[in-house]
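See below for the structure under consideration.
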Amino acid sequence: MLRVGLTGGIGSGKSTVSALLGEHGAVVIDYDILAREVVEPGSPVIAAIAARFGADMIASDGSLDRTALGALVFAEPSALLALNAITHPAIGELATARERVADPGAIVVHDNPLLVEMGLAAHCDVVIVVDVPEAVQVNRLMVSRGMSEDDARARIATQASRQERTGAADLLIDNTGPLDELSPIVGGIWDELVSRSAEAGG
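Using our numbering, the letters of the sequence shown correspond one by one to residues -19 to 182.
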């Protein structure tokens, strides 16, 4: 098994790269999906969030009030750290369980926007970083998600810096170009991953 970490800042196009790798045959573990699964109604994580941040963070149907919680944690760094301390271990356990059931010869891609922040890059055989300048991130968030420039920059600021991410990269994808340029780039990355997997006996 080749364990691949895939990360990139918000608005970088990481999810598109992840989907393309999946089309090539990678087993993709999507941490955004895992993050939603660990806060399902009745989960221990939901209970811990309510205990730490207040019952008003939980909607009447038992689900997480993402808008209320987001407004709190993205405005207060210490609150975000406290939330991460609750959710990250649970997400990590779920990712390990998903990896465990993959084929021994699989190329497993951990699609994780917080790979660097969670300290998981060191646990990967290969780290791929999807990179764009911050100005491109801001523009994409304003266009695709309707964010204001201030909101976009605030969200970017909660993640690792561009330098921290690229410093962890074994393979770097420059995604500043149009979408039709991305597919052949990812195809080349896939060929490299297959080669490394073969060398490792995967």
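Idealized CB from N, CA, C, for every residue including glycine.
Go ahead and label residue i buried or exposed: buried means 16 or more other beta carbons lie within 10 angstroms of its beta carbon, across all protein chains shown.
i	result
R32	exposed
G34	exposed
Q139	buried
T76	exposed
A27	exposed
D91	buried
D47	The question names Asp, but residue 47 in the sequence shown is Thr. Answer is exposed; the Cβ neighbour count stays below 16.
D41	exposed
N1	The sequence given here places Leu at residue 1; Asn does not occur at that position. The residue is buried, with at least 16 neighbouring Cβ atoms inside 10 Å.
Might you give, ordered along the chain, the residues of its own chain that have their beta carbon closer than 8 Å to the beta carbon of residue i, omitting 5 neighbours on each side?
i	result
L(-18)	A86, I87, V88, D105, V106, L173, R176, S177, A180 and G182
A59	F33, L52 and V53
Could you say which of the options lies nearest to residue i if we only look at CA atoms?
i	options	result
L121	L74, G(-11) and D45	G(-11)
E73	E56, L159 and L14	L14
G(-15)	N119, M98, R135 and A115	M98
A82	V8, W170 and V(-3)	V8
Whose C-beta lies closer than 7 Å to the C-beta of residue i among residues of the same chain, with five residues either side of it excluded?
i	result
P84	M(-19)
L152	V109, D111 and T146
Using the C-alpha atoms, what's the distance from residue j back to residue i?
i	j	result
A137	N155	20 Å
A6	E20	27 Å
M127	R78	33 Å
G22	M37	14 Å
G50	A62	13 Å
R142	R80	31 Å
For residue i, which residues of its own chain have a beta-carbon under 6 Å away from its beta-carbon, when the five flanking residues on both sides are left out?
i	result
Q117	G(-11), G(-9) and I136
A148	V96, A101 and V107
A70	V18 and V25
Which residues share a DSSP beta bridge with residue i?
i	result
L151	I108
V118	None; V118 has no bridge partner.
G(-9)	Paired residue(s): none; G(-9) is not in a bridge.
L(-18)	I87
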